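Under numbering that gives the first Met the number 0, the first residue of the sequence shown is numbered 0, with each subsequent residue one higher. Positions of the beta carbon are idealized from the N, C-alpha and C atoms, including for glycine. Just so it is clear, the structure is predicted and the values come from calculations on it, not from any experiment.
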Amino acid sequence: MKKLGELLIEATIITARELEAGLAAQRQFGGRLGASLIKQGFCSEEDILPLVARQWQLPRLSDWSQYQPIPTSINELALLNFAATWWHKQNACPLGIYQDQLWVAMDDVFNAFVIDSVSKKTSMTIKPVLVTNHELRQLLALLETSDETHSLLADSVQDIAIAAPVVQFVNDTIQRALDARASDIHFETYRGIFRVRFRVDGVLHEVDRPGIGMQAAIISRVKLMAGLDISEKRLPQDGRIRTRLSGISLDIRVATTPCVMGEDIVMRLLISEDKINSLADLNMHTDHSELIQRLLRQTNGIILVTGPTGSGKSTSLYAFLQHLFSEERKIITVEDPVEYQITGITQIQVNTDIGLSFASVLRSVLRQDPDIVLIGEIRDRETAEIAIQAALTGHLVLSTLHTNDAPGAYVRLLDMGIPAYLLASSIIGVIGQRLVRKICRHCSVEDPSAVLPIADMELDYLRHAIAKPRFMRGQGCPHCLGSGYRGRRPIFEIFAATDDVHYHLNHNPDALKSELIQSGMRTLQQDGLLYAMNGETTIEEVMRVIG
0 MKKLGELLIE ATIITARELE AGLAAQRQFG GRLGASLIKQ GFCSEEDILP
50 LVARQWQLPR LSDWSQYQPI PTSINELALL NFAATWWHKQ NACPLGIYQD
100 QLWVAMDDVF NAFVIDSVSK KTSMTIKPVL VTNHELRQLL ALLETSDETH
150 SLLADSVQDI AIAAPVVQFV NDTIQRALDA RASDIHFETY RGIFRVRFRV
200 DGVLHEVDRP GIGMQAAIIS RVKLMAGLDI SEKRLPQDGR IRTRLSGISL
250 DIRVATTPCV MGEDIVMRLL ISEDKINSLA DLNMHTDHSE LIQRLLRQTN
300 GIILVTGPTG SGKSTSLYAF LQHLFSEERK IITVEDPVEY QITGITQIQV
350 NTDIGLSFAS VLRSVLRQDP DIVLIGEIRD RETAEIAIQA ALTGHLVLST
400 LHTNDAPGAY VRLLDMGIPA YLLASSIIGV IGQRLVRKIC RHCSVEDPSA
450 VLPIADMELD YLRHAIAKPR FMRGQGCPHC LGSGYRGRRP IFEIFAATDD
500 VHYHLNHNPD ALKSELIQSG MRTLQQDGLL YAMNGETTIE EVMRVIG
């Protein structure tokens, strides 16, 4: 028989190194290997229990709902020969009788003391049942009920047992989302409909309709996992789930919203072990890559990355940090949230609930002698002023803004009340970006009917850049969920802050974008269409994203 550690590695739930760490902790502190691995965050109960059940041919609580047990209440069984406190102390609870066996839920199914004690007192064969800690707490809570409610206890056990498939459904949904490369899971309630949608490559796809009868149980399960108040259904709530699934560490942000037909939930999936991209991984055009590297060689000033939510700004910033990282520099980041952890870089999580805002953290950061400071987002005038102060006092500052294009960064900061002369003296470059879907390589075909829907001047520019365009499209296949697209890539518009930029900023900021285009800045649309002409995406996708 294979050992649990071997089964966990085979299922890619843990690595060999994590198993070694779990065994070392077990040798030092005692206890079961599974408990040691869970305590160290290498896996969860939901990872381990199915393997233990298969390994030892033991039932789980969900199996209990499949049988028709003798209708004996828990208290009649539990208190026949034992006090309720005894069951609590032993972390065990009787479920009922099936085929002349007494089924007992236990947190440790190998606890010979409990099995032998109950067997002797009841003169019955004991069938240990695997349960999670949450299930066991629910069962033990039933022992505290009054005599008048004993007749309802068998039904209560059935309810808890039936809830186990809900746990499995939520876990399976998260796993399916990971397999589909989804960034978000949406649980949505309508009149008579409860559905699940995944956001894949920026677009929502319906993947399941569990049935309206499961809505309350599924929503409650997700809220429980996120540490939210399951009884509060009138107000929005935000929570967080940290877990491991199939060997992957997940940080899931959960947001609930009360709607007319019931609560909706959105789960944003962040994979803690995602590889951080390098500059080369961003796959920019050569001129853009060279310009960014020139900006990153500066020792002071502000570099801004702009775009809407979900446009890949954080991915680009982390790639810049990877490029800048050196043991000779001190890099500090101020983020909300910290999406990727980088060894050798000091990362600070903003927490407005305790007054830890971007502005308050930045004041402290500047006293920590940093060379480079990353600010997750410039949200207000105070944060902008501190960022400018840092840039003017010899620090390289990287940050993001929510604007529609790169030149719009200046307009946004002017609207915040920052004087133009301070922007001119601190900002050294701005990068606007979006993400466009890539054509699925499994079903791509040439598209000779593609037509560039742009002005003649821009058409000449693009034809000069790519003399022989090769347009492609995806026909749709299982690999791309029938969409014709799989994966995304960034498109950019980038400019360095030159004297001409400073002049227009001070005298005519509204004309800045047209001046930059005339000076050679490639727009987001032009950059995207170059990739379309090269067969990486489609004209329709570029126009959809640019709007």
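Between the C-alpha atoms of R252 and R243, what's the straight-line distance to the nearest angstrom?
14 Å
For a quick check, are the C-beta atoms of F186 and V199 less than 8 Å apart?
no
How many Å lie between T402 and I275 at the Cα?
24 Å
Quick one: using the 10 Å Cβ neighbour count with 16 as the cut-off for buried, is A111 buried or exposed?
exposed
Can you give me the start and stop residues for the alpha helix (DSSP H) that I385 sits inside?
Segment 380-391, the alpha helix (DSSP H) holding I385.
Extract the residue ranges of the alpha helix (DSSP H) inside the stretch 288-367, only unbroken runs of 4 or more that lie entirely within it.
312-323, 357-364
In three-state DSSP terms, what is C479?
helix
Measure the CB-CB distance between A389 and L365 and report whether it falls below 8 Å.
yes
Since P209 is in the alpha helix (DSSP H), which residue starts that stretch and which ends it?
From DSSP, P209 is part of no alpha helix (DSSP H); its letter is neither H nor E.
Can you tell which of I426, H503, M266, C258 has the C-alpha that lies nearest to the C-alpha of D183?
M266
On a Cα-Cα basis, can you pick out the residue from C476, G407, G481, L422 that is closest to A510?
The shortest C-alpha to C-alpha distance from A510 to any of C476, G407, G481, L422 is the one to G407.
Taking only three categories from DSSP, how would you classify F109?
F109 carries a coil assignment under DSSP once its states are collapsed to helix, strand and coil.
Alpha carbons only, please: which of V51, T345, I545 is nearest the one belonging to R433?
In terms of CA proximity to R433, I545 leads the group V51, T345, I545.
Given a threshold of 16 other Cβ atoms within 10 Å of its Cβ, counted over all protein chains shown, does V500 qualify as buried or as exposed?
Classification for V500: buried.
Can you give me the start and stop residues for the beta strand (DSSP E) that T580 sits inside?
Residue 580 lies beyond the residue range present for the chain, which begins at 0 and ends at 546; the question has no answer from this structure.
Where does the unbroken alpha helix (DSSP H) through K38 begin, and where does it stop?
Element bounds for K38: 32-38.
Quick check: D498 and F470, are their CB atoms within less than 8 Å of each other?
Contact: no.
If you draw a straight line from the C-alpha of E26 to the C-alpha of E9, how long is it?
The sequence as given places Arg at residue 26; Glu does not occur at that position. Cα to Cα, the separation comes out at about 23 Å.
A181 bridges to which residues according to DSSP?
According to DSSP, A181 bridges with V199.
Taking the CB atoms as reference points, tell me whether H478 and R487 lie closer together than 8 Å.
Against a cut-off of 8 Å, the Cβ pair of R487 and H478 comes out as no contact.
Check whether the stretch 276-284 touches the stretch 317-331, taking contact to mean three or more Cβ pairs, one atom from each stretch, closer than 8 Å.
yes
What three-state label does DSSP hand I427 in the structure shown?
strand
To which residues of the same chain is W55 closer than 8 Å at the C-beta, ignoring the five residues directly before and after it?
V108
Since A419 contacts L504 with CB under 8 Å, what's their CB separation in whole angstroms?
5 Å
Here's the rule: buried if 16 or more other CB atoms are within 10 angstroms of the residue's CB, otherwise exposed. What is P93?
buried
Output needed for S145: all residues of its chain with C-beta closer than 7 Å, excluding positions within five of it in sequence on either side, in chain order.
Residue confidence is low: S145 scores 43 on pLDDT, short of 50, so the model does not pin down where it sits. Its coordinate-derived value is still stated next. None.
Can you look up G416 in the DSSP assignment and give me helix, strand or coil?
In the three-state reduction of the DSSP assignment, G416 falls in the coil class.
Kindly identify the DSSP beta-bridge partner or partners of T124.
Per DSSP, the beta-bridge partners of T124 are Q100.
Label P489 either buried or exposed according to how many other C-beta atoms from any shown protein chain fall within 10 Å of its C-beta, with 16 as the threshold for buried.
buried
I'd like the list of long-range same chain contacts for L421, defined as Cβ closer than 7 Å, with 5 residues on each side in sequence excluded.
I387
Going by alpha carbons, who is nearest to I344 out of V333, T351, N350?
V333
Straight-line CA distance for E327 to G226?
41 Å
For the beta strand (DSSP E) containing A216, list its first residue and its last residue.
No beta strand (DSSP E) holds A216; the alpha helix (DSSP H) holding it covers 214-224.
According to DSSP, is V117 part of a helix, a strand, or is it coil?
helix
Going by the CB atoms, is the gap between S398 and I374 shorter than 8 Å?
Against a cut-off of 8 Å, the Cβ pair of S398 and I374 comes out as a contact.
Taking just the CA atoms, how far does L295 sit from V310?
Position check: residue 310 holds Ser in this sequence, whereas Val was assumed. Rounded to the nearest angstrom, the gap between the Cα atoms of S310 and L295 is 21 Å.
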